[in-house]
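For the sequence shown, the numbering used here assigns the number 1 to the initial residue and increments by one for each residue that follows. Glycine included, each C-beta is placed from N, C-alpha and C at the ideal position. Fair warning: this is a prediction, and the values are worked out from it, not measured in the lab. Report on the structure given below.
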Amino acid sequence: MNSDGVVVDEAIHAAWDSYRILEKRTSAEERQEAQERVEAATDTYGREEVSRGTVFLVVC
């Protein structure tokens, strides 16, 4: 979260990718790519920020 209390865009994208990983219709290749993006966002911004991204998606 930045100083304005805004969730980082990459965290929101990672939250969406987390959903795509669980979605049965997502191909194995797409799942792998999504997993890599989630890991990169988590490494860069932390689990807490990715969790905030998930909350943002649920609330909106």
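> With 16 other CB atoms within 10 Å as the buried threshold, where does Asp43 fall?
Replying inline: exposed
>> Would Val50 and Ala41 be called neighbours here (beta carbons separated by less than 8 Å)?
In response: yes
>> Counting C-beta neighbours from all protein chains within 10 Å, is the total for Ser62 16 or more, i.e. buried, or is it exposed?
In response: Since the first and last residues shown for the chain are 1 and 60, residue 62 lies out of range.
> Which word fits Val59, buried or exposed, when buried means at least 16 other C-beta atoms lie within 10 angstroms of its C-beta?
Replying inline: exposed
> Does the separation of the CB atoms of Glu30 and Arg20 fall below 8 Å?
Replying inline: yes
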